[in-house]
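First up is the structure itself, then whatever we jot down about it.
Number of protein chains: 2
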Amino acid sequence: MNHLNTVPSLAHIQEAHQRISPFIVRTPVLHSDALNKMFHTHLFFKCENFQHTGSFKLRGASNAIFSLDEESAQKGVATHSSGNHAQAVAYAARKHSIPAYIVMPTNAPKIKIEGVKEYGGQIFFCEPTLEARERTAEEVIGKTGATFIHPFNDYRIIAGQASCAKELIEEVKLLDVIVCPVGGGGLLSGTALSTHYLLPHSQVIAAEPALADDAFRSFQSGKVEPVLSTVTIADGLRTSLGEKTLDIMQKYVSSVILAKEESIVKAMRLIWERLKIIIEPSCAVPLAAIMDDTSGFFQGKQIGIILTGGNVDLDKLPWQ
Amino acid sequence: MNHLNTVPSLAHIQEAHQRISPFIVRTPVLHSDALNKMFHTHLFFKCENFQHTGSFKLRGASNAIFSLDEESAQKGVATHSSGNHAQAVAYAARKHSIPAYIVMPTNAPKIKIEGVKEYGGQIFFCEPTLEARERTAEEVIGKTGATFIHPFNDYRIIAGQASCAKELIEEVKLLDVIVCPVGGGGLLSGTALSTHYLLPHSQVIAAEPALADDAFRSFQSGKVEPVLSTVTIADGLRTSLGEKTLDIMQKYVSSVILAKEESIVKAMRLIWERLKIIIEPSCAVPLAAIMDDTSGFFQGKQIGIILTGGNVDLDKLPWQ
Numbered sequence: 001m002n003h004l005n006t007v008p009s010l011a012h013i014q015e016a017h018q019r020i021s022p023f024i025v026r027t028p029v030l031h032s033d034a035l036n037k038m039f040h041t042h043l044f045f046k047c048e049n050f051q052h053t054g055s056f057k058l059r060g061a062s063n064a065i066f067s068l069d070e071e072s073a074q075k076g077v078a079t080h081s082s083g084n085h086a087q088a089v090a091y092a093a094r095k096h097s098i099p100a101y102i103v104m105p106t107n108a109p110k111i112k113i114e115g116v117k118e119y120g121g122q123i124f125f126c127e128p129t130l131e132a133r134e135r136t137a138e139e140v141i142g143k144t145g146a147t148f149i150h151p152f153n154d155y156r157i158i159a160g161q162a163s164c165a166k167e168l169i170e171e172v173k174l175l176d177v178i179v180c181p182v183g184g185g186g187l188l189s190g191t192a193l194s195t196h197y198l199l200p201h202s203q204v205i206a207a208e209p210a211l212a213d214d215a216f217r218s219f220q221s222g223k224v225e226p227v228l229s230t231v232t233i234a235d236g237l238r239t240s241l242g243e244k245t246l247d248i249m250q251k252y253v254s255s256v257i258l259a260k261e262e263s264i265v266k267a268m269r270l271i272w273e274r275l276k277i278i279i280e281p282s283c284a285v286p287l288a289a290i291m292d293d294t295s296g297f298f299q300g301k302q303i304g305i306i307l308t309g310g311n312v313d314l315d316k317l318p319w320q
Numbered sequence: 001m002n003h004l005n006t007v008p009s010l011a012h013i014q015e016a017h018q019r020i021s022p023f024i025v026r027t028p029v030l031h032s033d034a035l036n037k038m039f040h041t042h043l044f045f046k047c048e049n050f051q052h053t054g055s056f057k058l059r060g061a062s063n064a065i066f067s068l069d070e071e072s073a074q075k076g077v078a079t080h081s082s083g084n085h086a087q088a089v090a091y092a093a094r095k096h097s098i099p100a101y102i103v104m105p106t107n108a109p110k111i112k113i114e115g116v117k118e119y120g121g122q123i124f125f126c127e128p129t130l131e132a133r134e135r136t137a138e139e140v141i142g143k144t145g146a147t148f149i150h151p152f153n154d155y156r157i158i159a160g161q162a163s164c165a166k167e168l169i170e171e172v173k174l175l176d177v178i179v180c181p182v183g184g185g186g187l188l189s190g191t192a193l194s195t196h197y198l199l200p201h202s203q204v205i206a207a208e209p210a211l212a213d214d215a216f217r218s219f220q221s222g223k224v225e226p227v228l229s230t231v232t233i234a235d236g237l238r239t240s241l242g243e244k245t246l247d248i249m250q251k252y253v254s255s256v257i258l259a260k261e262e263s264i265v266k267a268m269r270l271i272w273e274r275l276k277i278i279i280e281p282s283c284a285v286p287l288a289a290i291m292d293d294t295s296g297f298f299q300g301k302q303i304g305i306i307l308t309g310g311n312v313d314l315d316k317l318p319w320q
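Quick mapping for you: the protein sequence lines, in order, are chains A and B.
In terms of the UniProt record's numbering, the first sequence opens at residue 1 and continues consecutively.
In terms of the UniProt record's numbering, the second sequence opens at residue 1 and continues consecutively.
Here it is as structure tokens:
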């Protein structure tokens with residue numbers, strides 16, 4: 001299949017997981033007695049920072065790319081992204097021996113450009129506006145016949161990202177709640193589906209920076225609300241939802257909780273210090289939102305947290 | 001037994017491993033395709049940065065403390081240290097429900113003092129000289145009857161540290177060489193013994209900062225040579241060997257290789273970036289020494305590297 005036209009079923013998610021398994025890391029789940037004591041909870045951290053390319057994005061990109069039919073695949077794949085999705089598409093395309101055309105803004109971080117190059121992606125630079133990115137991608141697709149791989153608003157992507165919560169649930173088994181960061185909502189909607197199918201009595205809660213609360217507002221209004229500010233340190237979460245991800249979110253996600261910027265930095269540093277792992281600021285948003293919660297809801301609960309990636313510029317740490 | 005008076009046999013090491021297993025993490029072994037490609041080797045990193053208390057030191061301390069007879073144990077244990085050994089002794093003593101008396105210099109890093117306090121150790125501050133540390137420890141032992149737990153020059157400690165290479169060998173099986181950092185030599189001599197018993201055709205190589213090359217000189221001269229300078233960034237390796245560790249080293253270690261300071265920083269950053277884990281500068285010394293090696297010896301080999309710990313001050317990173 002080139003496309004998946006319905007909300008992924010459990011069978012679709014299992015099929016996706018099987019398809020991508022040879023190419024992804026079954027990432028470990030870590031915990032820390034000190035953090036559990038500090039938050040009066042049992043926290044289980046699913047470490048997608050250890051995934052190839054440094055983030056969960058490889059799961060969705062691999063599923064989308066490996067499920068292309070032979071003719072489409074030979075023409076290659078394209079996307080526009082300045083972040084982890086670009087690296088994931090380039091990496092998965094190389095594993096599939098097909099070309100990857102990546103449109104990147106001229107101001108993309110050097111480290112991300114290097115990453116895409118390292119994985120063999122062909123880069124097309126454009127002005128740093130969404131319009132220029134989309135136009136350049138269309139031009140590249142017009143010339144090459146490549147298939148566009150959307151970073152989140154695509155059921156193949158969602159089914160791939162769902163494999164992450166599936167692994168977490170298979171490993172930990174009893175979880176009262178899974179807290180997942182939300183940007184475009186690909187990981188969140190995949191997590192919500194896997195949890196709905198495999199742990200139906202558990203809740204999925206989305207965590208978002210208070211400074212980029214578009215998912216919170218979209219969840220309330222029922223339509224995709226734009227991001228109004230991109231100043232949050234959680235650079236992976238500055239994206240609006242898509243129609244598909246919002247739809248799944250409204251059906252299967254319990255609530256959206258918000259995290260203050262200072263709590264995001266504090267939570268990020270706590271995870272570095274206590275788990276001894278490198279995570280991006282976006283990953284720290286769930287723990288930060290738990291930190292900011294005053295309802296007592298999380299006390300004593302078994303909580304799964306998805307750590308989405310570890311691509312950080314070590315020269316610019318947020319506590320410096 | 002309160003003491004082990006001979007070089008640990010395989011049975012001693014197995015017994016130590018069984019004794020401490022319920023209290024330690026069986027730490028994961030990580031690898032990175034990118035690092036393998038960069039160094040033309042197959043590198044297997046044993047991650048003791050994920051050990052409780054953040055370092056391998058817990059293995060030796062637990063073995064020494066858990067093998068005390070009941071009467072000695074009740075009087076508690078004592079040590080002097082400003083580093084990872086202090087935290088390990090405090091943690092293991094609490095697990096054994098006995099008091100830990102830790103002598104620390106007044107200038108010990110605040111984070112290490114907090115660590116010892118967190119694990120319930122009773123701290124006795126002294127002037128920051130070796131003489132004051134030893135005198136204060138003697139006073140405390142005189143008053144309490146506590147047993148002194150040496151950080152490395154003790155066969156119980158060596159047998160405990162040997163469990164780390166034992167796990168690495170059990171997991172990876174085929175290793176041509178294990179490269180291990182050397183400070184006091186507890187981990188190194190344990191690693192050399194486990195490798196001698198379990199992988200007799202493999203080599204153990206010690207890695208040391210060129211700026212603190214006392215083990216290199218001791219290995220050549222056959223007697224314990226003093227550390228002449230403590231300026232290396234690898235703060236865990238500023239210690240001289242002991243008689244027991246040098247003796248084992250001379251029998252079972254192939255060679256000592258040296259690493260430049262700039263290579264240590266470079267290797268540390270590479271491990272942070274590629275493995276997405278937090279390690280101390282001391283851990284980076286083996287990879288740095290491999291980087292500095294010009295003989296071609298390591299090319300194509302299966303190499304085990306022990307990452308000793310992850311207790312780093314995140315406000316003072318060496319590349320800043």
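Even glycine gets a Cβ: it sits at the ideal position worked out from N, Cα and C.
Bear in mind the structure is a predicted one, so any value in this text is a computation, not a measurement.
Between which two residues does the alpha helix (DSSP H) containing residue 172 of chain B stretch? Residue mapping note: residue 172 of chain B aligns to position 172 of the second sequence, counting from 1. 155-172 is the span of the alpha helix (DSSP H), which, as asked, contains residue 172 of chain B.
Does residue 317 of chain A come out as helix, strand or coil in the three-state DSSP assignment? Here the question's residue 317 of chain A lines up with position 317 in the first sequence. Residue state, collapsed to three classes: coil.
Kindly indicate the opening and closing residues of the beta strand (DSSP E) around residue 54 of chain A. Counted from its first residue, the first sequence places residue 54 of chain A at position 54. It is not in any beta strand (DSSP E) - residue 54 of chain A carries neither H nor E in the DSSP assignment.
With H, G and I counted as helix, E and B as strand and the rest as coil, what does DSSP make of residue 184 of chain A? Against the first sequence, residue 184 of chain A aligns to sequence position 184. Note: residue 184 of chain A maps to coil in three-state DSSP.
Using only the alpha-carbon positions, how far apart do residue 19 of chain A and residue 215 of chain B sit? Counting from 1 along the first sequence, the entry for residue 19 of chain A is found at position 19. Counting from 1 along the second sequence, the entry for residue 215 of chain B is found at position 215. Rounded to whole angstroms, residue 19 of chain A to residue 215 of chain B spans 51 Å at the Cα level.
How long is the line joining the alpha carbons of residue 276 of chain B and residue 115 of chain A, rounded to whole angstroms? What you label residue 276 of chain B is simply residue 276 of the second sequence in a count that begins at 1. What you label residue 115 of chain A is simply residue 115 of the first sequence in a count that begins at 1. Cα-Cα distance, rounded: 15 Å.
Residues of chain B with a CB under 8 Å from the CB of residue 314 of chain A: which are they? Position 314 of the first sequence, counted from the first residue, corresponds to residue 314 of chain A. Simply 269, 272, 273, 317, 319.
Establish whether the CB of residue 277 of chain B and some CB of chain A are separated by less than 8 Å. Translated into positions along the second sequence, residue 277 of chain B becomes position 277. Answer yes: the Cβ-Cβ gap between residue 277 of chain B and chain A drops below 8 Å somewhere.
My understanding is that residue 282 of chain A touches residue 181 of chain A, with C-beta atoms under 8 Å, so please give their C-beta distance in whole angstroms. Sequence index remark: in the first sequence, residue 282 of chain A carries index 282 (1-based). Sequence index remark: in the first sequence, residue 181 of chain A carries index 181 (1-based). 5 Å between Cβ atoms; contact.
Could you check whether the Cβ of residue 1 of chain A sits closer than 8 Å to any Cβ belonging to chain B? Walking along the first sequence from the start, residue 1 of chain A turns up at place 1. Residue confidence is low: residue 1 of chain A scores 48 on pLDDT, short of 50, so the model does not pin down where it sits. No coordinate-derived value is stated.
According to a CB-to-CB cut-off of less than 7 Å, which residues of the segment 37-63 of chain B neighbour chain A? 49, 50, 54
Report yes or no: do the segment 56-74 of chain A and the segment 202-209 of chain A share at least 3 C-beta pairs separated by less than 8 Å? no
Can you grab the Cα-Cα spacing for the pair residue 285 of chain B / residue 23 of chain B, in whole Å? Numbered from 1 along the second sequence, position 285 holds the residue referred to as residue 285 of chain B. Numbered from 1 along the second sequence, position 23 holds the residue referred to as residue 23 of chain B. Looking at the two C-alpha atoms, the distance is approximately 28 Å.
CA-to-CA distance, residue 79 of chain B to residue 87 of chain B, given in whole angstroms: For the purposes of this step, residue 87 of chain B is taken as residue 87 along the second sequence, with counting starting at 1. For the purposes of this step, residue 79 of chain B is taken as residue 79 along the second sequence, with counting starting at 1. Their backbone Cα atoms lie some 10 Å apart in a straight line.
Whole angstroms is fine: what's the gap from residue 261 of chain B's alpha carbon to residue 110 of chain A's? Taking the first residue of the second sequence as position 1, residue 261 of chain B is located at position 261. Taking the first residue of the first sequence as position 1, residue 110 of chain A is located at position 110. Each residue's Cα considered, the two are about 26 Å apart.
According to DSSP, is residue 48 of chain B helix, strand or coil? Working through the second sequence from its first residue, we reach residue 48 of chain B at position 48. Note: residue 48 of chain B maps to helix in three-state DSSP.
Rounded to a whole number of angstroms, what is the C-alpha to C-alpha distance between residue 128 of chain B and residue 298 of chain A? Position 128 of the second sequence, counting from 1, holds the residue named residue 128 of chain B. Position 298 of the first sequence, counting from 1, holds the residue named residue 298 of chain A. Approximately 45 Å between the Cα atoms of the pair.
Compute the Euclidean distance between the alpha carbons of residue 1 of chain B and residue 82 of chain B, then round it to the nearest angstrom. The sequence position of residue 1 of chain B within the second sequence is 1, counting from 1. The sequence position of residue 82 of chain B within the second sequence is 82, counting from 1. Since pLDDT at residue 1 of chain B reaches only 48, below the 50 mark, its modelled position is unreliable, and the value read off the structure follows with that caveat. Whole-angstrom Cα-Cα distance: 28 Å.
Checking 8 Å against the spacing of the C-beta atoms, do residue 236 of chain A and residue 183 of chain A come in under that value? Your numbering for residue 236 of chain A matches position 236 in the first sequence. Your numbering for residue 183 of chain A matches position 183 in the first sequence. In contact: residue 236 of chain A and residue 183 of chain A (Cβ atoms closer than 8 Å).
Proximal chain A residues relative to residue 28 of chain B, where beta-carbon distance stays under 8 Å: Against the second sequence, residue 28 of chain B aligns to sequence position 28. Going along chain A in sequence order, the residues near residue 28 of chain B (Cβ under 8 Å) are 28.
For residue 255 of chain A and residue 295 of chain A, the rounded distance between their alpha carbons: Taking the first sequence and counting its residues from 1, the one referred to as residue 295 of chain A is at position 295. Taking the first sequence and counting its residues from 1, the one referred to as residue 255 of chain A is at position 255. Those two C-alpha atoms are separated by around 13 Å.
So, are the CB atoms of residue 31 of chain A and residue 44 of chain A less than 8 Å apart? Position 31 of the first sequence holds residue 31 of chain A. Position 44 of the first sequence holds residue 44 of chain A. Result yes, Cβ atoms of residue 31 of chain A and residue 44 of chain A sit closer than 8 Å.
Would you say residue 121 of chain B faces chain A, with C-beta separation under 8 Å as the test? For the purposes of this step, residue 121 of chain B is identified with residue 121 of the second sequence, where counting begins at 1. No, its Cβ sits nowhere closer than 8 Å to a Cβ of chain A.
Pull up the distance between the alpha-carbon of residue 292 of chain A and that of residue 40 of chain A, whole angstroms please. What you label residue 292 of chain A is simply residue 292 of the first sequence in a count that begins at 1. What you label residue 40 of chain A is simply residue 40 of the first sequence in a count that begins at 1. Straight-line Cα distance between these residues: approximately 14 Å.
Out of A/211, A/158, A/304, A/319, which one is the CA nearest neighbour of residue 36 of chain A? For the purposes of this step, residue 36 of chain A is taken as the residue at position 36 of the first sequence. Selected option, being the one with the closest Cα: A/304.
Would residue 236 of chain A pass as an interface residue toward chain B - the criterion being a Cβ-Cβ separation below 8 Å? Working through the first sequence from its first residue, we reach residue 236 of chain A at position 236. Chain B, which has no Cβ nearer than 8 Å to the Cβ of residue 236 of chain A, makes this no.
Counting only the same chain and skipping the five closest in sequence on each side, list residues whose C-beta sits under 7 Å from that of residue 226 of chain B. Locating residue 226 of chain B in the second sequence gives position 226, counting from the first residue. Same-chain partners within the cutoff: 214, 240.
Please list the terminal residues of the continuous alpha helix (DSSP H) segment that includes residue 7 of chain A. The sequence position of residue 7 of chain A within the first sequence is 7, counting from 1. Element bounds for residue 7 of chain A: n/a, residue is neither H nor E.
Distance, residue 3 of chain B Cα to residue 73 of chain B Cα: Residue numbering aside, residue 73 of chain B sits at position 73 when the second sequence is read from its first letter. Residue numbering aside, residue 3 of chain B sits at position 3 when the second sequence is read from its first letter. Between residue 73 of chain B and residue 3 of chain B, the C-alpha separation is close to 13 Å.
Taking only beta carbons into account, state which residues of the segment 283-310 of chain A come closer than 7 Å to chain B, listed in chain order. 310
For residue 112 of chain B and residue 91 of chain B, the rounded distance between their alpha carbons: Counted from its first residue, the second sequence places residue 91 of chain B at position 91. Counted from its first residue, the second sequence places residue 112 of chain B at position 112. Distance between the alpha carbons of residue 91 of chain B and residue 112 of chain B: 13 Å.
So residue 264 of chain B packs on residue 233 of chain B, CB below 8 Å; how close in whole Å? Along the second sequence, one-based indexing puts residue 264 of chain B at 264. Along the second sequence, one-based indexing puts residue 233 of chain B at 233. Rounded, the Cβ-Cβ distance is 6 Å, consistent with contact.
Are the CB atoms of residue 202 of chain B and residue 191 of chain B within a distance shorter than 8 Å? Taking the second sequence and counting its residues from 1, the one referred to as residue 191 of chain B is at position 191. Taking the second sequence and counting its residues from 1, the one referred to as residue 202 of chain B is at position 202. Against a cut-off of 8 Å, the Cβ pair of residue 202 of chain B and residue 191 of chain B comes out as no contact.
Residue 5 of chain A to residue 100 of chain A span [Cα, whole Å]: For this step, residue 5 of chain A is matched to residue 5 along the first sequence. For this step, residue 100 of chain A is matched to residue 100 along the first sequence. Cα to Cα, residue 5 of chain A sits roughly 24 Å from residue 100 of chain A.
So residue 158 of chain B packs on residue 77 of chain B, CB below 8 Å; how close in whole Å? For this step, residue 158 of chain B is matched to residue 158 along the second sequence. For this step, residue 77 of chain B is matched to residue 77 along the second sequence. 17 Å between Cβ atoms; not a contact.
Does residue 38 of chain A pass the burial test, meaning 16 or more other C-beta atoms within 10 Å, or should it be called exposed? Start at 1 with the first residue of the first sequence, and residue 38 of chain A comes out as number 38. Of the residues assessed, residue 38 of chain A falls on the exposed side of the cut-off, its CB having fewer than 16 other CB atoms within 10 angstroms.
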